[in-house]
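S.K.: Going down the list, the sequences are from chains U and W. With our numbering, the residue at position 65 of the first sequence is 74, and numbering never jumps. With our numbering, the residue at position 53 of the second sequence is 125, and numbering never jumps.
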Amino acid sequence: SQQGEEDPQALSIQEGENATMNCSYKTSINNLQWYRQNSGRGLVHLILIRSNEREKHSGRLRVTLDTSKKSSSLLITASRAADTASYFCATDNYGQNFVFGPGTRLSVLP
Amino acid sequence: EAQVTQNPRYLITVTGKKLTVTCSQNMNHEYMSWYRQDPGLGLRQIYYSMNVEVTDKGDVPEGYKVSRKEKRNFPLILESPSPNQTSLYFCASSLSPGIEQYFGPGTRLTVT
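(1) For W/I84, which residues in the same chain have their Cβ closer than 6 Å to its Cβ, ignoring the five residues on either side in sequence?
(2) How would you write the range of the beta strand (DSSP E) that W/L167 sits in, first residue to last?
(3) What does DSSP give as the partner residue(s) for U/K65 in the beta ladder?
(4) Are any of the Cβ atoms in chain U nearer than 9 Å to that of W/E142?
(5) Looking at the unbroken beta strand (DSSP E) that takes in U/A28, where does it start and where does it end?
(6) By the three-class DSSP mapping on this structure, what secondary structure does W/N123 have?
(7) Which residue's Cα is closest to the Cα of W/Y161: W/Q75, W/T92, W/E73, W/G88?
(8) Under DSSP, the beta strand (DSSP E) around U/D5 begins and ends at which residues?
(9) Considering only C-alpha positions, which residue in the set U/V117, U/T93, U/M30, U/T73 is nearest to U/Q46?
(10) Between which residues of its own chain and U/S10 is the CB-CB distance below 8 Å, once the five residues before and five after are set aside?
(11) Can you list, in chain order, the residues of its chain whose CB lies under 6 Å from that of W/E151, leaving out five sequence neighbours each side?
(12) Once DSSP output is grouped into helix, strand and coil, what is the label at U/S10?
(13) U/D101 touches chain W at which residues, Cβ-Cβ below 7 Å?
(14) Could you check which residue in W/E172, W/P111, W/S105 has the C-alpha nearest to that of W/V138?
(15) W/N100: buried (16+ other C-beta within 10 angstroms of its C-beta) or exposed?
(16) Could you please tell me which residues of the stretch 98-110 of chain W, in chain order, have their CB closer than 8 Å to any CB of chain U?
(17) Would you identify the three-state DSSP class for U/A99, choosing helix, strand or coil?
(18) Can the beta-carbon of U/E24 be found closer than 9 Å to that of U/P119?
(19) Compute the beta-carbon to beta-carbon distance between U/S21 and U/S116, rounded to the nearest angstrom, for a pair I have assumed lies under 8 Å.
Quick look at the structure:
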């Protein structure tokens, strides 16, 4: 399995601070995506980065990808209480199946 | 409104009683997938489908069946549920594999 692993498992920060989450995977990938999940609800897509890209931005989100280290990071800048959620990375390896990591639980305290 | 719907949202059943969880999308997506989510394990893919009549196993297919007779529907069938299938189940769809997936609201299944 090419399961991704997020790090840390849980993160607690104050509003306004930046939050960084990391994801590692085991095999070569096509794309890597990040998703957010609020409290047992359906996942919401945040951002996709292709294997030939190194960095991507979307609003307050910044994603980096290092294929040599098989790792990615998600940075959320100027966090808000509404960012409190679990964050998952997901990879596909040019095939058709997806692999999600166990997730990082982010708590943003007001 | 573009969406993925699942029914039922909550289900409590007993061991061995066949059940079906329905999934439907209104976005004309080719790719559909089922996941289960368990604490500490993230989401694990059960089955996926590239198109009508094309399905394949994910990482944890044992004990599950699927069918894709119409593009919009992708039901998950548990022919003989067991307590280790107690979980939160998500259906998802996308235009093609490897890109943004749209998730349903989830079905919380308890097998006693």
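Even for Gly, the Cβ is constructed at its ideal location relative to N, Cα and C.
M.R.: Quick answer:
(1) Here residue 84 of chain W refers to the residue found at position 12 when the second sequence is read from its first residue. Correct list, in chain order: T182.
(2) The count along the second sequence starts at 1 and reaches residue 167 of chain W at position 95. Counting along the chain, W/L167 falls outside any beta strand (DSSP E), and DSSP gives it neither H nor E.
(3) In the first sequence, the residue the question calls residue 65 of chain U occupies position 56. DSSP, once it has assigned bridges, lists U/V72 as partnering U/K65.
(4) By one-based count along the second sequence, residue 142 of chain W stands at place 70. Chain U, which has no Cβ nearer than 9 Å to the Cβ of W/E142, makes this no.
(5) The residue you call residue 28 of chain U lines up with position 19 of the first sequence. Unbroken beta strand (DSSP E) run through U/A28: 28-33.
(6) For the purposes of this step, residue 123 of chain W is identified with residue 51 of the second sequence, where counting begins at 1. W/N123: strand per DSSP, three-state reduction.
(7) Locating residue 161 of chain W in the second sequence gives position 89, counting from the first residue. When only C-alpha atoms are compared, the closest one is W/T92.
(8) Nothing in the structure corresponds to residue 5 of chain U, since chain U is present only between 10 and 119.
(9) Position 37 of the first sequence, counted from the start, is the residue given in the question as residue 46 of chain U. Of U/V117, U/T93, U/M30, U/T73, the residue nearest in Cα terms is U/T93.
(10) Position 1 of the first sequence, counted from the start, is the residue given in the question as residue 10 of chain U. Since pLDDT at U/S10 reaches only 40, below the 50 mark, its modelled position is unreliable, and no value is offered.
(11) Taking the second sequence and counting its residues from 1, one reaches residue 151 of chain W at position 79. Around W/E151: K90.
(12) By one-based count along the first sequence, residue 10 of chain U stands at place 1. Only weak support exists for where U/S10 lies, its pLDDT of 40 falling under 50; the value from the coordinates is given anyway. Looking at U/S10 - three-state DSSP - the assignment turns out to be coil, as it is neither helix nor strand.
(13) Counting from 1 along the first sequence, the entry for residue 101 of chain U is found at position 92. Correct list: P169, G170.
(14) Position 66 of the second sequence, counted from the start, is the residue given in the question as residue 138 of chain W. Answer by Cα proximity: W/S105.
(15) For the purposes of this step, residue 100 of chain W is taken as residue 28 along the second sequence, with counting starting at 1. Per the 10 Å Cβ criterion, exposed.
(16) Y103, S105, Y107
(17) For the purposes of this step, residue 99 of chain U is taken as residue 90 along the first sequence, with counting starting at 1. Here U/A99 sits in strand by DSSP.
(18) Taking the first sequence and counting its residues from 1, the one referred to as residue 24 of chain U is at position 15. Taking the first sequence and counting its residues from 1, the one referred to as residue 119 of chain U is at position 110. Contact: yes.
(19) Translated into positions along the first sequence, residue 21 of chain U becomes position 12. Translated into positions along the first sequence, residue 116 of chain U becomes position 107. Contact flag correct, Cβ pair sits at about 4 Å.
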